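This report concerns only the one structure given below.
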Amino acid sequence: MVNKQRLVKTFLDLVKIDSPSGEEEKIAKEVAKRLKALGAKVEFDGYGNVIGKIPGKGEPILLNAHLDTVEPGRNIKPIIDKDRIKSDGTTVLGADPKAGVSIILETLSSLAEDKTSHIPLEIVFTRGEESGLFGALNLDYSKITAKRGVTIDGEEAVHNINISAPGYNRVDVLITGRSAHAGTEPEKGISAIHIASRIISQLKLGRIDHETTANIGIIEGGSAVNAVPERARFRGEVRSRNLKKLEKHTRHFQNVFKQVMAKFPEAKVEIDIQREFNPYLFNKDHRVIIHMSKTLSQLKITPKLVHSGGGTDVNIFHTHGIEAIVVGGCFYNAHTTREYAVISQMVQATQFLQKLVSAKLSS
Ligand SMILES: [Zn+2]
Numbered sequence: 010m011v012n013k014q015r016l017v018k019t020f021l022d023l024v025k026i027d028s029p030s031g032e033e034e035k036i037a038k039e040v041a042k043r044l045k046a047l048g049a050k051v052e053f054d055g056y057g058n059v060i061g062k063i064p065g066k067g068e069p070i071l072l073n074a075h076l077d078t079v080e081p082g083r084n085i086k087p088i089i090d091k092d093r094i095k096s097d098g099t100t101v102l103g104a105d106p107k108a109g110v111s112i113i114l115e116t117l118s119s120l121a122e123d124k125t126s127h128i129p130l131e132i133v134f135t136r137g138e139e140s141g142l143f144g145a146l147n148l149d150y151s152k153i154t155a156k157r158g159v160t161i162d163g164e165e166a167v168h169n170i171n172i173s174a175p176g177y178n179r180v181d182v183l184i185t186g187r188s189a190h191a192g193t194e195p196e197k198g199i200s201a202i203h204i205a206s207r208i209i210s211q212l213k214l215g216r217i218d219h220e221t222t223a224n225i226g227i228i229e230g231g232s233a234v235n236a237v238p239e240r241a242r243f244r245g246e247v248r249s250r251n252l253k254k255l256e257k258h259t260r261h262f263q264n265v266f267k268q269v270m271a272k273f274p275e276a277k278v279e280i281d282i283q284r285e286f287n288p289y290l291f292n293k294d295h296r297v298i299i300h301m302s303k304t305l306s307q308l309k310i311t312p313k314l315v316h317s318g319g320g321t322d323v324n325i326f327h328t329h330g331i332e333a334i335v336v337g338g339c340f341y342n343a344h345t346t347r348e349y350a351v352i353s354q355m356v357q358a359t360q361f362l363q364k365l366v367s368a369k370l371s372s
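Below is the structure:
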C-alpha cells in the first residue's frame, strides 16, 4: 500500500539535496542508490542520466521525471503546512521535479511491498531538463525498450493529462553592418541596430493563432553612443503545436530577414534556426489516453485533458518513438519561491501509477 509517511519523507530528503541544472551528480547517486535498494538494475548512461529497470510481464513502460531544479534552488528548507509542503520563501521548493521522483520511488516501494505483479518498468531520471531538455536529448536510447511512458512533470494533480505540446524553433540572428563615427562621418556607417529594428518591426510576434506563438526575447548590440553600431544580435523563438504552422511561421521570419537584408547589400546577416523539439498531439481515443483515463476512473478521479504551452522531456521521447505523456506532479507555482506541493495529491498520484503498471490492467 502507498505509505504516505514514507512518501513525504522521501520527498523531504530529496528536496534537501541541491540539484540545480548542471549539478545533478549528488541527487543522481542518491536516486540510483534508492532504485537499487528497491530491486532495480541501475546504470548511468554516458550523459549521467539514471536508468533503472525492474522486470515484469507484458509491454514495458517508461517512468520518468527529471532531477534538476531551477534557481533559487539551493539549501531548500521544506515546511509542512497541513496538506501542503512549501519552501521557507527564499527558494523554490523543488517539487518540480522531486514530487515526481518521490511518487515514482514510492510506487516501486509499494509494488515491492504488496508483491503486486506488474509490467516491466524502465525508470529514467534525466539531468538538465530545465536548462534545455539536455538529459532527454542525450539519453542513451539503446538502453530503452519501452514504447510508451509517463512523465510526472506537469502542474496540478495527476488528473492533469497533457495531451499535446508545441514544437519549438530557436532563432538567433547576428547582423554585421559597418561602424563609423556618428558625429563626423555617419554616412560611412551601416547601422546594425537600425537593420535589426527594421526586421523586428516586420515580424509577426505574440499569439499568432490558438496553437502558434512567436517572440523576440533578447536584443543586444552597439558599443558606444557616438558610434554607428557595427553589430546587433537578437534571439527569439517560434512555437506551434502544429508542425506545418511551425514551419510556415519560421518561413515568415526567414522571408522578412531576406527582404530587409536586400535593402542593405553591404551588411551581413548570420541566421541560426534550430529545431529544439517537435510538437506532439494525442487523439482522445489513443490507447495511452484511454489506459490512463480508465485507471483514473478506477480511482474515481476525472481526467482533465489539457494542451501544454511548453516543452518537456516528452517532446524528445516522442522523436525516439516513445509515446510518453506528461501528467500533473501535484505542484503549483513552479519556478517561483511560492511553489508548493499537495501531499494528498501525491498519495493519489502514487496510487494512480501503481494501478497503471499493475499487470492486470496493462496486459
Ligand atoms: Zn519540471
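Residue numbers (the numbering used here): 10 to 372. Glycine is no exception: its CB is placed at the ideal position from the N, C-alpha and C atoms. In this text, all values refer to a predicted model and were calculated from it rather than measured experimentally.
- For K13, same chain residues with a beta-carbon under 6 Å away, outside a window of 5 residues either side, are V356 in chain order.
- Under the criterion of beta carbons closer than 8 Å, D97 and K107 do not qualify as touching, at roughly 16 Å.
- Pairing S118 with R260, the inter-Cα distance amounts to about 50 Å.
- In the three-state reduction of the DSSP assignment, G57 falls in the coil class.
- Within the model, the alpha-carbon separation for I225 versus G198 is close to 26 Å.
- With a threshold of 6 Å, the Cβ atom of P29 does not count as near ligand 1, since no heavy atom of the ligand is closer than that.
- Under the DSSP assignment, A276 falls outside any alpha helix (DSSP H); it carries neither an H nor an E label.
- If you draw a straight line from the Cα of K152 to the Cα of K62, it is about 10 Å long.
- Taking every protein chain shown into account, the CB of H127 has 16 or more other CB atoms within 10 angstroms, so this residue is buried.
- Around the C-beta of V234, fewer than 16 other C-beta atoms lie within 10 Å, and the residue is accordingly described as exposed.
- Counting C-beta pairs with one atom in each stretch, the stretch 161-178 and the stretch 327-339 have three or more that are closer than 8 Å, which means they touch.
- Its chain contains V24, I85, P87, I94, K95, S96, F340, E348, Y349 and A350 as the residues whose beta carbon lies nearer than 8 Å to that of L102, once the 5 sequence neighbours on both sides are disregarded; these appear in chain order.
- If you check the CB distance, E285 and Y150 do not come in under 7 Å.
- Annotation for L252: the continuous alpha helix (DSSP H) segment containing it runs L252 to A271.
- In terms of Cβ geometry, L76 and E39 do not form a close pair [threshold 7 Å].
- A straight-line Cα-Cα distance of about 44 Å links K253 and K45.
- Taking the Cβ of D90 as the reference point, every heavy atom of ligand 1 lies at 6 Å or farther away.
- The closest CA to that of D90, considering only V366, T359, F361 and I352, is found on I352.
- Inclusion of P195 and P288 in the CB contact set at 7 Å is not warranted, their separation being larger than that value.
- N178 is bridged by DSSP to V247 and R284.
- In the DSSP assignment, F340 falls within the unbroken beta strand (DSSP E) covering E332 to Y341.
- Sequence-distant Cβ neighbours of N324 in its own chain, meaning closer than 6 Å and more than five residues away, are A174 and F286.
- Between L142 and D322, the C-beta gap is smaller than 7 Å, which places the two residues in contact.
- Take the alpha-carbon of A41 and the one of A121: they are about 17 Å apart.
- Per the C-alpha coordinates, the member of I331, A358 and T154 positioned closest to V110 is A358.
- For D322, the shortest C-beta to heavy atom distance toward ligand 1 is 6 Å or greater.
- Distance between H190 and G230, taken at the CA atoms: about 16 Å.
- One Cα belongs to P69, the other to I172, and the distance between them is close to 21 Å.
- For V315, no alpha helix (DSSP H) segment is defined; the enclosing uninterrupted segment is the beta strand (DSSP E) at K313 to H316.
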